[in-house]
Amino acid sequence: MTKADTPQLILGQTLAFSGDPFAEGLAAARHERRGGVLIRGGVIEKVGAAEALRAANPQAAVTDHGEALLCAGFVDAHAHYPQTPIIASWGKQLIDWLNTYTFPQEMRFQDEAYAAEVAHRYLDLVRAHGTTTVCSYCTIHPQSVTAFFEAAATRNMRVLAGKTCMDRNAPDGLKDTAQSAYDDSKALLERWHGQGRASYVITPRFSPTSTPEQLSALGALWAEHPGCLMQTHLSEQTDECAWVARLYPEARDYLDTYEMHGLLGAGGLYGHAIHLTDREKARLLETGASLIHCPTSNTFIGSGLFDMDGLRSAGHSVGLATDTGGGSSFSMLRTMASAYEIAQLRGRALHPAELVWLATQGSARALKMDRRIGNLAPGLEADIVVLDLASTPAIAQAAERADTIWAAVFPTIMMGDDRAIRQTYIAGQPAHAGAG
Ligand code: GUN
Ligand code: ZN
147 MTKADTPQLI LGQTLAFSGD PFAEGLAAAR HERRGGVLIR GGVIEKVGAA
197 EALRAANPQA AVTDHGEALL CAGFVDAHAH YPQTPIIASW GKQLIDWLNT
247 YTFPQEMRFQ DEAYAAEVAH RYLDLVRAHG TTTVCSYCTI HPQSVTAFFE
297 AAATRNMRVL AGKTCMDRNA PDGLKDTAQS AYDDSKALLE RWHGQGRASY
347 VITPRFSPTS TPEQLSALGA LWAEHPGCLM QTHLSEQTDE CAWVARLYPE
397 ARDYLDTYEM HGLLGAGGLY GHAIHLTDRE KARLLETGAS LIHCPTSNTF
447 IGSGLFDMDG LRSAGHSVGL ATDTGGGSSF SMLRTMASAY EIAQLRGRAL
497 HPAELVWLAT QGSARALKMD RRIGNLAPGL EADIVVLDLA STPAIAQAAE
547 RADTIWAAVF PTIMMGDDRA IRQTYIAGQP AHAGAG
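Just so we're aligned, residue 147 is where the sequence shown starts under the working numbering, counting upward by one.
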């Protein structure tokens with residue numbers, strides 16, 4: 147047997163899902179106190195009890211993580227990697243924040259070497275936080291997309307990304323045109339979509355920074371490539387919604403500005419989706435579109451309280467995301483904590499099982515990647531995070547009282563950060579030696 151054929155057996159507590167805990171409750175979660183994941187060729191072969199897996203696979207190379215918790219690597223369904231350096235910039239709400247911090251920063255991606263440097267920095271940061279897949283916006287510059295996909299390929303990370311398109315209401319130097327957005331997006335899609343672990347995502351930034359002509363051109367591109375996802379922003383702040391109504395007087399509402407131009411569908415990812423009308427909700431549900439909840443961004447930029455309970459109960463597909471750098475953290479643990487806090491403000495306590503599910507399966511489903519990633523299950527790619535459930539003295543003393551896995555994991559969700567990441571496996575390869 148060659149080394150490449152040698153199976154790996156990773157041991158620890160394991161947490162997997164057989165269904166959706168929002169619909170099925172805790173019956174959807176599978177926890178093994180002494181569990182294991184058998185991996186061959188970067189793919190999960192079996193998930194089960196540690197001792198049974200050990201006995202059946204005596205040839206496997208074993209790594210024992212002891213009391214630590216193995217679950218699917220986190221899936222961040224909406225981020226802006228170019229905004230890495232401006233994370234935690236003070237004092238602005240959305241439109242001022244874009245003009246003051248974001249656009250000047252994104253201008254710098256004209257320089258390909260700078261784009262590559264930030265792409266590498268960003269991917270190292272997310273991996274150290276236990277995130278194995280991200281769906282990122284790039285900038286208007288095609289080289290920002292190339293830099294990102296190349297940096298991800300060197301880490302064998304499954305990533306999704308696209309060239310951000312803007313042809314109005316942005317500074318000179320940060321605008322394309324309807325035609326160049328179409329041409330550049332098409333060329334990048336043809337170069338990268340399905341290449342290794344990369345997927346191309348058609349990316350109009352949001353209705354205010356695109357002309358109707360540009361939205362139409364991107365809608366046409368999407369119709370030509372229905373296997374691609376399309377990502378954009380929707381109803382994040384009330385000022386933004388009012389601006390959209392002024393820019394598109396003929397549209398029924400914000401969502402309609404996308405639908406009128408062929409940009410509404412099951413492969414659509416709509417970031418934020420806070421201030422929705424009943425018609426917009428009904429239409430999003432009917433079309434099977436996904437909403438991406440970005441809780442740290444929504445509190446940090448002052449956007450509002452996403453209606454997780456109402457939208458999930460109605461049957462909407464919801465993914466979870468950092469929205470770096472409008473979001474104030476690279477950590478999906480911190481993002482889960484923020485989702486918990488926002489739901490509490492709306493009167494609903496999200497269960498730890500629901501939070502972990504959102505950060506893994508929920509996002510993977512939104513990204514149409516749940517047959518590849520987002521769970522510990524046979525046939526899925528072995529992207530796994532190993533969580534130390536006692537990574538700081540504050541967390542350890544709270545977890546010590548726990549009598550269930552949920553009570554044990556919740557302090558890490560609420561107070562954990564990159565110190566809780568004992569290891570991140572990417573397609574079965576250990577990729578990060580954590581502090582734990
Ligand atoms: N709306 C349009 N662009 C952006 C962005 O970069 N970040 C956030 N949070 N909202 C946006
Ligand atoms: Zn965003």
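For glycine and all other residues, C-beta sits at the position ideal for the given N, C-alpha and C. Values in this document were obtained by computation on a predicted structure and should not be read as measured data.
*Limits of the alpha helix (DSSP H) - the one that Met303 falls within*: Residue numbering aside, residue 303 sits at position 157 when the sequence shown is read from its first letter. No alpha helix (DSSP H) contains Met303, which DSSP labels as neither H nor E.
_Going by C-alpha to C-alpha distance, which of Leu451, Thr481, Arg200 and Ile519 sits closest to Arg492?_
Position 346 of the sequence shown holds residue 492. If we check each option's Cα against that of Arg492, Leu451 comes out closest.
*Thr209 to Ser356, Cα distance in whole Å?*
As a position in the sequence shown, residue 209 is number 63, starting the count at 1. As a position in the sequence shown, residue 356 is number 210, starting the count at 1. Whole-angstrom Cα-Cα distance: 51 Å.
*Within 7 Å: the Cβ of His439 and any heavy atom of ligand 2?*
Here residue 439 is taken as the residue at index 293 of the sequence shown, counted from 1. False, no ligand heavy atom lies under 7 Å from that Cβ.
*What is the residue span of the beta strand (DSSP E) that Ile438 lies within?*
Along the sequence shown, one-based indexing puts residue 438 at 292. Segment Ser436 to His439, the beta strand (DSSP E) holding Ile438.
*Cβ-Cβ distance between His339 and Cys374 below 8 Å*: One-based indexing of the sequence shown puts residue 339 at position 193. One-based indexing of the sequence shown puts residue 374 at position 228. For His339 and Cys374, yes; Cβs fall inside 8 Å.
_For His266, three-class secondary structure by DSSP_ = As a first step, residue 266 is located in the sequence shown; it is residue number 120 there, counting from the start. Here His266 sits in helix by DSSP.
*Under 7 Å Cβ to Cβ from Ala435, same chain only, skipping five residues before and after it: list those, please.*
On the sequence shown, residue 435 is found 289 positions in, with the first residue counted as 1. Counting only Cβ-Cβ distances below 7 Å, and skipping sequence neighbours, we find Leu410, Gly411, Ala412, Gly414 and Tyr416.
*Would the C-beta of Thr248 count as close to ligand 1, meaning under 7 Å from any of its heavy atoms?*
By 1-based counting over the sequence shown, the position of residue 248 is 102. It does: the Cβ of Thr248 is within 7 Å (strictly closer) of some heavy atom of ligand 1.
*Between the C-alpha atoms of Gln256 and Phe249, what's the straight-line distance to the nearest angstrom?*
The residue you call residue 256 lines up with position 110 of the sequence shown. The residue you call residue 249 lines up with position 103 of the sequence shown. Computed Cα separation, rounded: 12 Å.
*Near ligand 1: Ser474 beta-carbon under 7 Å from a heavy atom*: Numbered from its first residue, the sequence shown carries residue 474 at position 328. Not under cutoff, so the answer is no.
*Does the pairing of the region 481 to 492 with the region 554 to 572 give three or more beta-carbon distances under 8 Å?*
yes
*Evaluate Glu405 with the Cβ neighbour count: other Cβ atoms within 10 Å of its Cβ, from every protein chain shown; 16 or more gives buried, anything less gives exposed.*
Within the sequence shown, the letter at position 259 stands for residue 405. The residue in question, Glu405, is buried, as its Cβ has 16 or more Cβ neighbours within 10 Å.
*Given a threshold of 16 other Cβ atoms within 10 Å of its Cβ, counted over all protein chains shown, does Trp503 qualify as buried or as exposed?*
Within the sequence shown, the letter at position 357 stands for residue 503. With 16 or more Cβ atoms within 10 Å of its Cβ, Trp503 is classed as buried.
*Just list the beta strand (DSSP E) runs in the region 356 to 414, keeping only unbroken ones of 3 residues or longer that don't cross its boundaries, in chain order.*
375 to 380
_By alpha-carbon positions, which one of Arg458, Leu513 and Thr246 ends up nearest to Arg494?_
If you number the sequence shown from 1, residue 494 lands on position 348. Selected option, being the one with the closest Cα: Arg458.
*Which ranges does the beta strand (DSSP E) cover as unbroken runs of at least 3 residues, wholly within the region 163 to 201, from first to last along the chain?*
175 to 186 and 189 to 195
_Rounded distance between the beta-carbons of Ser449 and Glu382, thought under 8 Å_ = The residue you call residue 382 lines up with position 236 of the sequence shown. The residue you call residue 449 lines up with position 303 of the sequence shown. Going by Cβ atoms, the distance from Glu382 to Ser449 rounds to 5 Å, so yes, they are a contact pair.
*Cα separation between Thr278 and Glu500?*
Residue mapping note: residue 278 aligns to position 132 of the sequence shown, counting from 1. Residue mapping note: residue 500 aligns to position 354 of the sequence shown, counting from 1. Going by the C-alpha atoms only, they are around 19 Å apart.
_Delimiting residues of the alpha helix (DSSP H) encompassing Glu252_ = Numbered from 1 along the sequence shown, position 106 holds the residue referred to as residue 252. Its alpha helix (DSSP H) spans residues Phe249 to Met253.
*Using DSSP bridges, identify the partner residues of Gln239.*
On the sequence shown, residue 239 is found 93 positions in, with the first residue counted as 1. Paired residue(s): none; Gln239 is not in a bridge.
*Return yes when the C-beta of Phe452 is under 7 Å from any heavy atom of ligand 1, and no when it is not.*
Residue mapping note: residue 452 aligns to position 306 of the sequence shown, counting from 1. No; taking the cut-off as 7 Å, the Cβ of Phe452 has no heavy atom of ligand 1 nearer than that.
*asked:* Please report the straight-line C-alpha distance between Ala544 and Gln507, rounded to a whole angstrom.
replied: Position 398 of the sequence shown, counted from the first residue, corresponds to residue 544. Position 361 of the sequence shown, counted from the first residue, corresponds to residue 507. Using only the alpha carbons, I get a separation of about 27 Å.
*Near Asn100, what residues of its chain come up, given a Cβ to Cβ distance below 6 Å and the 5 sequence neighbours on each side ignored?*
As displayed, the chain neither begins before 147 nor continues past 582, which places residue 100 out of reach and without an answer.
*Given that a residue counts as buried once 16 or more other Cβ atoms are within 10 Å of its Cβ, and exposed if not, what is Arg511?*
Start at 1 with the first residue of the sequence shown, and residue 511 comes out as number 365. Flag for Arg511 reads buried.
*Got a sec? Which residues, its chain only, sit under 8 Å from Gly319 by beta carbon, not counting five neighbours each side?*
By 1-based counting over the sequence shown, the position of residue 319 is 173. Once the five neighbours on either side are set aside, the close Cβ partners of Gly319 are Met253 and Gln256.
*Just checking, does the region 239 to 246 make contact with the region 516 to 532 on the three C-beta pairs under 8 Å criterion?*
no
*Just how far apart, CA to CA, sit Val193 and Asp322?*
What you label residue 193 is simply residue 47 of the sequence shown in a count that begins at 1. What you label residue 322 is simply residue 176 of the sequence shown in a count that begins at 1. Approximately 48 Å, taken between the alpha carbons.
*Secondary structure of Gly582, DSSP reduced to three states*: On the sequence shown, position 436 is the one that residue 582 refers to. Reliability of the predicted coordinates at Gly582 is poor, the pLDDT of 39 falling under 50, and the value obtained from them is presented with this limitation in mind. Coil at Gly582, not helix or strand.
*Span separating the alpha-carbon of Asp151 from that of Tyr260*: Walking along the sequence shown from the start, residue 151 turns up at place 5. Walking along the sequence shown from the start, residue 260 turns up at place 114. Distance between the alpha carbons of Asp151 and Tyr260: 39 Å.
*Going by other Cβ atoms of all chains shown within 10 Å of its Cβ, with 16 needed for buried, is Gly520 buried or exposed?*
Counted from its first residue, the sequence shown places residue 520 at position 374. Buried is the call here.
*Got a sec? Which residues, its chain only, sit under 7 Å from Ala162 by beta carbon, not counting five neighbours each side?*
As a working note, residue 162 is residue 16 in the sequence shown. These residues qualify, in order along the chain: Arg176, Val193, Asn521, Leu522 and Ala523.
*Which of helix, strand or coil does DSSP assign to Ser282?*
The residue you call residue 282 lines up with position 136 of the sequence shown. In the structure shown, Ser282 sits in a strand (DSSP, three-state: E or B).
_Quick check: does the Cβ of Asp322 come within less than 7 Å of any heavy atom belonging to ligand 3?_
As far as ligands go, the structure on display features ligand 1 and ligand 2 and does not contain ligand 3.
*With distances taken between CB atoms, is the gap from Thr470 to His226 smaller than 8 Å?*
The residue given as residue 470 occupies position 324 in the sequence shown. The residue given as residue 226 occupies position 80 in the sequence shown. Result yes, Cβ atoms of Thr470 and His226 sit closer than 8 Å.
*Report yes if the C-beta distance between Ala223 and Ala467 is below 8 Å; otherwise report no.*
Translated into positions along the sequence shown, residue 223 becomes position 77. Translated into positions along the sequence shown, residue 467 becomes position 321. Yes, the Cβ-Cβ distance between Ala223 and Ala467 is below 8 Å.
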